[in-house]
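Here the structure is laid out as structure tokens; the discussion comes afterwards.
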Amino acid sequence: MKKIILMSTVLLAGLSACEDYNDQFNIDSSLTDVKTGVTIQLASSDYGTIAGMEANKELALSKDPEGQTYVAALEAIGENKYFADATEAEWYLPAFIDYKYPNADTGSRISVQYNMYRGQSGYLADFKKISDYTLTNNDYRSVWNGTSTATYLSPSTLRQIPSVLESRMENPQEGDMVAVNYAYSEFEPGAGGGVVPVVYQQVNDFEGEAGNYVIAAKANDGKYYPFGKLNDPSKNYGYIYPDAITVTDGIISSDNGADQVITIEEGKEGYTLLNTNMQYIYQSGTFNSFNFTSSLPTEGGEWSIEANGDGTFKLKNIEKDKNVKLTLYNGSYSYGSYPASSYTYLEDAMKEESKLFTIKDVTLPEGSSYVWSHDPDYGYYKASAYVGGKNLPAESWFVSSVIDLSETSNPMLKLDFAFNFLNGNKAEDFMQIKASTDYAGDVKTATWTDLTYDGSKFNGWNFIAQSVDLKQFEGKKITLAFAYKSTDQCAPTAEIKNLAIVNGQYWDVCLFKEVPESEVAAQMLQMSRASGAYANTAALYVYREGAWSEYTNEDANVVVADPVFYAELGADYVSKPANVFPIYLVQKFPFAAKGDKAAVVYRTDTEGTMAVTEYTYDAGWTASQIYSARTTTFEKTEEGYVAMAGTYLNESLVGDEGGFVIQDISMQGVNYVWKNDATYGWKASAYYNNTNYPAESWLVSPIVDLSEAMAPQLSFEEAHRYLNGEALTDHFAIKISTDYVDNVETCTWEDLIFDETQWSDGQTWDFYQVGPYDLSAYVGQTIRIAFVYTSNSTAAPTWEFKNVLVNEAE
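According to this note's numbering, numbering within the sequence shown proceeds without interruption in unit steps and concludes at 1168.
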């Protein structure tokens, strides 16, 4: 084979040496490579190529050498994977065609199919300002207005949400929206006479809800001990020595709890406590014991109630500055009210830089001089190795000075701890709490014991109260350390504050609120539905014409990501909606049809920023595209490629709004006229509830750029019925504007004169091809096309159109 190739090469060399080579082989030296019938369909990567071509960069810069506007627009083409207008395509595609077909000769015609921006669905303009609000216990109390103590909404009370928003939302503006989270149950609280059976249900927050409670603390034996009465009711002072009561799944039965009830009532500064012996509980003098009186006390009788964040509450006597604690004394459990010094060995709130802790860096993240830092504005220490938008490996320890536990009894470490950006990892893998009895300045040479904390509940920037057992170090001197270690895959942020070491033999109280037994059953059902979240439902409300109402839209299903969704996601916000919402929407709409749309409202960050994303169904839910396909043909001239007859607007409109925008001029008896349909395209009607209603509504196209057109024309398919003998032109019009900006009533419109004989006969739903209509009067301009629907009490016809096309006449 090699020999044959060699001989052929020699022969060709000899032939090329002959002056009459062309004549002998009759080869025309003027042969050209004219490309016709070639279509390039741009791939996703091609947009980046177009944006990165030097010829295009120079062209963009030449158009605006100072402002860089066109340079930025060119870069956006590569990022967005679409062109923003036809002019951009005509500017930048020639260089790409030349790159693909460098040897094509003058006269070649090459078509390019590309993505052209067309905008979002018109109704998405409604979502301008969205906030997030979760109903509180006070809100539920106002809803039920004394008829029930339920902390949820039922079918009969959903209508009260606008009233709640009216009292909670300050200075709302027209169009403001609120995503409302609330607990919901189909169960309606009972009504009528007779004694309503009650139980006592544990609560995790207290917002000043006066009422009947059982107050009890859980000791280290796992049992609950109630607070509020002396064993001898004839005495009026002393410590409280209670017997344990039964608590099952956070519920105390009426049999166990009725005799232990404390009525909490509002006082001047705090709350008063009244037991079932009709005695107020107060403190007198310097004693840590309690006093009891049948009349409202004049000193030491008001208490503050503050949640600790771990299910317990700090019950403090305001005047004496002492806290109610259950303690184990001489083998018996008892209640007293003690100053903090009685049970606190060490306290560091960390509102200012700590004098107890120092930072020991082992490995700093590249480009940074620290991992641990103090935030004086919010009063906590934080650790992070996320630098310059990257997760970086690091190791840094936050180490205490020596802590003397030689005189302690059952010591316990308490702190508030927050962890964010774990990305599904375990907190314990990035932060260990350690203790050492031999630390001498080098964290690597000391012996450390890992301490156990609960890292399962971290969900963003929320601080979680932690209790860490130090009993094994009772009677010893120790050093505590928080050891942070990150990787290039995960560098979370940890925050700590309110650190203290307390006597573990002192326990704060829990609150059990009196509620009807039937409502607890309903709430338990609601809680199971909510996967542990208190609120289990969400809805979107909008402020219009001075009132709040639930937002609805005929063009799409509007869904608010609810608390159950976030609980299942394990996060307070959605960072990658494209990964989760297609699955979420399948669950919400199992019978979706092609072309159906859904707008999902959700939180995007820990600050509660709200956003909305639209999805369209087509064998699955995907984010709606904001661009459509367009084809332009280019011809190669002596000066280069020039855009030829093109397509300026080409939208099927079937389940696709095509960038058209609705503007209602007058409405009577109907909420809308135009609706986009997955089968029929755009559809207009003001016939509702067997009545013809007067209306006028415009449907305005996106910009149609005819700046380079030569003989543009408009065509579309339409069907209509129910003119009731009136003229077609009395109800349908097509208008053109060259100066439209947002409002059809503040610009100039020209009527497109059309031949009614081309339109459907109005007797069937068969679509007719209408047009083409000459648009050459608008060559060199950008226009909007409006389809105008008008109805009256005699006729409110139905009008459908689809497959609208503005293209160059052949």
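Beta carbons are placed, not taken as given, at the ideal position from N, Cα and C, and that holds for glycine.
If the five residues before and after LEU763 are omitted, its C-beta is found closer than 8 Å to the C-beta atoms of TYR703, PRO769, LEU828, PHE831, GLU832, GLY833, LYS834, LYS835, ILE836, ILE859, all from its own chain and listed in chain order. ASP668 sits close to SER825, with the two beta carbons spaced by under 9 Å. Linking PRO1070 to THR962 through their CA atoms gives a straight-line distance of about 44 Å. Within the same chain, GLY480, VAL1058 come within 6 Å of VAL1019 by CB-CB distance, once the 5 residues on both sides are set aside.
The beta-bridge partner set that DSSP reports for GLY818 consists of PHE777.
A check of alpha carbon separations from ASN1050 across VAL1031, VAL1062, ALA1077 identifies VAL1031 as the nearest.
For LEU419, the enclosing alpha helix (DSSP H) has its first and last residue at 412-421. In the displayed model, PRO1130 falls within a strand according to three-state DSSP. Residue burial is scored here from C-beta neighbours: GLY1138 has fewer than 16 other C-beta atoms within 10 angstroms and is therefore classed as exposed. Beyond the five residues adjoining it in sequence on each side, ALA442 comes within less than 6 Å, by CB distance, of TYR475 in the same chain, given in chain order. By the Cβ criterion, the stretch 487-495 is not in contact with the stretch 416-429, since fewer than three pairs of Cβ atoms, one from each stretch, lie closer than 8 Å. Two segments are said to touch when three or more pairs of C-beta atoms, one from each, lie closer than 8 Å; by this definition the stretch 899-908 does not touch the stretch 944-955. Every unbroken stretch of the beta strand (DSSP E) spanning 3 or more residues and falling wholly within the stretch 833-918 is given here in chain order: 835-844, 851-861, 868-874, 895-902, 905-908, 915-918. In summary, LEU673 is buried, with 16 or more beta-carbon neighbours lying within 10 Å of its beta-carbon over all protein chains present. When secondary structure is reduced to three states using DSSP, ARG467 falls in the strand class. A straight-line Cα-Cα distance of about 19 Å links LEU400 and LYS415. Cβ-Cβ separation between THR630 and GLU660: approximately 6 Å, consistent with a contact (criterion under 8 Å).
SER592 counts as exposed, since fewer than 16 other beta carbons sit within 10 angstroms of its beta carbon. Its chain contains TYR638 as the residues whose beta carbon lies nearer than 6 Å to that of THR651, once the 5 sequence neighbours on both sides are disregarded; these appear in chain order. Secondary structure of ASN594 (DSSP, three-state): coil. Taking a contact to require three or more Cβ pairs closer than 8 Å, the stretch 1132-1148 and the stretch 1089-1096 qualify as touching. Here the stretch 528-537 does not lie against the stretch 553-572, with fewer than 3 beta-carbon pairs under 8 Å apart.
Judged by DSSP secondary structure, LEU632 falls within the beta strand (DSSP E) whose first and last residues are 629-633. Fully enclosed alpha helix (DSSP H) runs of no fewer than 4 residues are not present anywhere in the stretch 1062-1138. Nearest in C-alpha terms to ASP913, of all of ASN861, THR1148, TYR973, GLU710, is TYR973.
Here THR606 is exposed: its Cβ has fewer than 16 other Cβ atoms, across all protein chains shown, within 10 Å.
The criterion of a C-beta distance shorter than 9 Å is satisfied by TRP755 and VAL801. At a Cβ-Cβ threshold of 9 Å, PHE1074 and LEU1163 count as neighbours. Between GLU1009 and THR1148, the gap from beta carbon to beta carbon reaches 9 Å or more. Judged by their CB atoms, PHE840 and ALA743 are not nearer to each other than the 9 Å cut-off. Per DSSP, GLU567 lies in no alpha helix (DSSP H) segment and is marked neither H nor E. Rounded to whole angstroms, the gap between the alpha carbons of TYR693 and PRO520 is 45 Å. If only complete runs of 3 or more residues are kept, the stretch 610-691 shows the beta strand (DSSP E) at 619-624, 629-633, 638-640, 648-651, 661-665, 671-675, 680-687, in order along the chain.
Counting C-beta pairs with one atom in each stretch, the stretch 715-733 and the stretch 677-691 have fewer than three that are closer than 8 Å, which means they do not touch. In the DSSP assignment, GLY436 falls outside any beta strand (DSSP E) and within the unbroken alpha helix (DSSP H) covering 427-438.
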